[in-house]
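Visitor: Sequential numbering from 1 applies to the sequence shown in our numbering.
Before we start, here is the structure in question, set down as structure tokens.
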Amino acid sequence: MEPIGLTFKNDGELMIVHRCLNCAKISCNRIAGDDNTHVITCLLDKSGSLENETVTKMSGLGIKLLIQDDKQEVLTGLLGYDYEKYLR
């Protein structure tokens, strides 16, 4: 599985979008407490370079891919509303 982006679950939980390297199946997985927040936020950049076929497939599955414009919401989901104190 390759992490390719981020999305929010219906309840607002931040999820990592993965694509299987063998069959290209798309799945969403919860973020673990020990996941690297920098690597997670870097997925916002990666999602901007996905091929149209993958984005269309995710849309068909009801997955709204988060983009760089969603960074504030992602940081809030990862670090809380006072996330700015962690960025110093």
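Glycine included, C-beta positions come from ideal geometry on N, C-alpha and C.
Note that the structure is predicted; figures quoted are calculated from it, not measured.
Buried or exposed for residue 21, going by 16 or more other Cβ atoms inside 10 Å?
Guide: exposed
Visitor: Within this structure, are the beta carbons of residue 104 and residue 79 separated by less than 9 Å?
Guide: Outside the shown range of the chain, which is 1 to 88, sits residue 104, and nothing can be said about it.
Visitor: Quick check on DSSP: helix, strand or coil for residue 29?
Guide: Three-state result, residue 29: strand.
Visitor: Give, in chain order, every unbroken run of the beta strand (DSSP E) that is at least 3 residues long and sits entirely within the region 24-68.
Guide: 26-30
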